[in-house]
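Asker: Residue numbers (my numbering): 408 to 683. Cβ coordinates follow ideal geometry from the N, Cα and C atoms, glycine included.
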Amino acid sequence: MAVFNDIIETIGETPIVHLNKLPSNGSNVYVKIERGNPGGSIKDRAVLSMIEDAEARGVLKKGGTIVEPTSGNTGIAIAMIAAVRGYKAVIVMPDSMSMERRQAISAYGAEIVLTPGSGGMGAAVEKANQIAEETGGWVCGQFDNPMNAVAHRVGTGREILRDLPDVDYVFSGFGTAGTACGLAMAFKDAGSKAKVIGVEPAESPLVTEGTAGPHKIQGIGANFIPKIFDRSLLYDVVTVKGDDAIKTTVEMARKEGIFCGISSGAAVCAALKKAE
């Protein structure tokens, strides 16, 4: 086992695990365990990519402030990396997000600003931009920042192809679409046959049907189309009901021993349906 200089160096290189009980017909379905990242989610990758790019360009300086609208996991990643590198972090999130996420962000020393859940991520984005303007902070901009997708183009996607070179489909729930689009770019770069299928809430089918609404799947299904989203990169976009995502999340823990969030449950649910 390697010895690392700091916790940030442990981001990435997460394991892939075969599901043995949930697939009903013997299909090979795998999950990449992104909770193995130090901040507990795949967002560590994107946040590190965006922060290091901002540092390199000189727009984020020592002792600076990072402001970001987020549904939770991006905020945790920012708070963690900010703590290590000496930045102040202000996280803006809808008040409908889980208390556990708020507690994790606060534990790293970040400030939390809540916006009405009824306004979705759009309200959080507006508030974050206002705070950044007032404080001179740098907005990470996960919905607009191309370095979000680059993290998965040069990291996550290559790891998947290295460990599962014959993979047919990869399912990715999307809020910013950075993961889904970045994976698709990586597969295209490598000339792989792997196809990326995006997953969004059935109660808020903005990409598939053009309508948005409240839903139960925290972390995906923003009520607007992110600037970094490129529909042409994806093979397909499918919907999953909130209750089905929650059910699959519970089954992942109780049958496979894998504790994951509801958005991961949605992606697994979609993969299982495709495998039938």
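Which same chain residues end up closer than 6 Å to residue 684 when comparing Cβ atoms and leaving out the 5 residues on each side of it in sequence?
Answerer: It is not possible to answer for residue 684, since the shown part of the chain is limited to 408 through 683.
Asker: If you reduce the DSSP assignment to three classes, tell me which class residue 615 lands in.
Answerer: For the purposes of this step, residue 615 is identified with residue 208 of the sequence shown, where counting begins at 1. DSSP places residue 615 in helix when its eight states are reduced to three.
Asker: Is the separation between the beta-carbon of residue 487 and that of residue 446 shorter than 7 Å?
Answerer: Residue numbering aside, residue 487 sits at position 80 when the sequence shown is read from its first letter. Residue numbering aside, residue 446 sits at position 39 when the sequence shown is read from its first letter. Yes, Cβ-Cβ distance for residue 487 and residue 446 is below 7 Å.
Asker: Determine the closest residue to residue 558 out of 595, 629, 450, with distance taken between C-alpha atoms.
Answerer: The residue given as residue 558 occupies position 151 in the sequence shown. Nearest of 595, 629, 450 to residue 558, Cα basis: 450.
Asker: Give me the Cα-Cα distance between residue 611 and residue 409, rounded to the nearest whole angstrom.
Answerer: Along the sequence shown, read from residue 1 onward, the residue named residue 611 stands at position 204. Along the sequence shown, read from residue 1 onward, the residue named residue 409 stands at position 2. Whole-angstrom Cα-Cα distance: 43 Å.
Asker: Compute the Euclidean distance between the alpha carbons of residue 701 and residue 412, then round it to the nearest angstrom.
Answerer: No answer is possible for residue 701: the residues shown for the chain start at 408 and end at 683.
Asker: Bridge partners for residue 496 per DSSP, in chain order?
Answerer: The residue given as residue 496 occupies position 89 in the sequence shown. DSSP output for residue 496 lists 473 as bridge partner(s).
Asker: Within this structure, are the beta carbons of residue 644 and residue 617 separated by less than 7 Å?
Answerer: Locating residue 644 in the sequence shown gives position 237, counting from the first residue. Locating residue 617 in the sequence shown gives position 210, counting from the first residue. No, the Cβ-Cβ distance between residue 644 and residue 617 is not below 7 Å.
Asker: Please return the same chain residues whose Cβ sits closer than 6 Å to the Cβ of residue 613, not counting the five positions on each side in sequence.
Answerer: Numbered from its first residue, the sequence shown carries residue 613 at position 206. Excluding residues within five positions, the ones whose Cβ falls inside 6 Å are 619.
Asker: So, helix, strand or coil for residue 522, using DSSP?
Answerer: Position 115 of the sequence shown, counted from the start, is the residue given in the question as residue 522. Of the three classes helix, strand and coil, the one that applies to residue 522 here is strand, per DSSP.
Asker: Could you pull the DSSP bridge partners for residue 579 from this structure?
Answerer: As a first step, residue 579 is located in the sequence shown; it is residue number 172 there, counting from the start. The partner list for residue 579 (beta bridge, DSSP) reads 605.
Asker: Just to confirm, are residue 477 and residue 457 a CB contact at a threshold of 7 Å?
Answerer: By one-based count along the sequence shown, residue 477 stands at place 70. By one-based count along the sequence shown, residue 457 stands at place 50. Not in contact: residue 477 and residue 457 (Cβ atoms no closer than 7 Å).
Asker: At which residues does the alpha helix (DSSP H) containing residue 451 begin and terminate?
Answerer: Taking the first residue of the sequence shown as position 1, residue 451 is located at position 44. That run of the alpha helix (DSSP H) goes 450-464.
Asker: So residue 418 and residue 452 are supposed to be a Cβ contact under 8 Å. How far apart are they, rounded?
Answerer: Your numbering for residue 418 matches position 11 in the sequence shown. Your numbering for residue 452 matches position 45 in the sequence shown. Yes, residue 418 and residue 452 are in contact; Cβ-Cβ is about 6 Å, under 8 Å.
Asker: Give the straight-line distance between the Cα atoms of residue 522 and residue 479, rounded to the nearest whole angstrom.
Answerer: By one-based count along the sequence shown, residue 522 stands at place 115. By one-based count along the sequence shown, residue 479 stands at place 72. Rounded to whole angstroms, residue 522 to residue 479 spans 13 Å at the Cα level.
Asker: Report all residues from its chain with a CB closer than 7 Å to the CB of residue 428; omit the five preceding and five following residues, and keep chain order.
Answerer: By one-based count along the sequence shown, residue 428 stands at place 21. Hits under 7 Å: 662, 663.
Asker: Just the Cα atoms here: how many angstroms apart are residue 580 and residue 607?
Answerer: Sequence index remark: in the sequence shown, residue 580 carries index 173 (1-based). Sequence index remark: in the sequence shown, residue 607 carries index 200 (1-based). Those two C-alpha atoms are separated by around 6 Å.
Asker: Assign residue 596 to one of three DSSP states: helix, strand, or coil.
Answerer: Residue 596 sits at position 189 when you count from the first residue of the sequence shown. DSSP places residue 596 in helix when its eight states are reduced to three.
Asker: Please classify residue 541: is it buried, with 16 or more other beta-carbons within 10 angstroms of its beta-carbon, or exposed?
Answerer: Numbered from its first residue, the sequence shown carries residue 541 at position 134. The residue is exposed, with fewer than 16 neighbouring Cβ atoms inside 10 Å.
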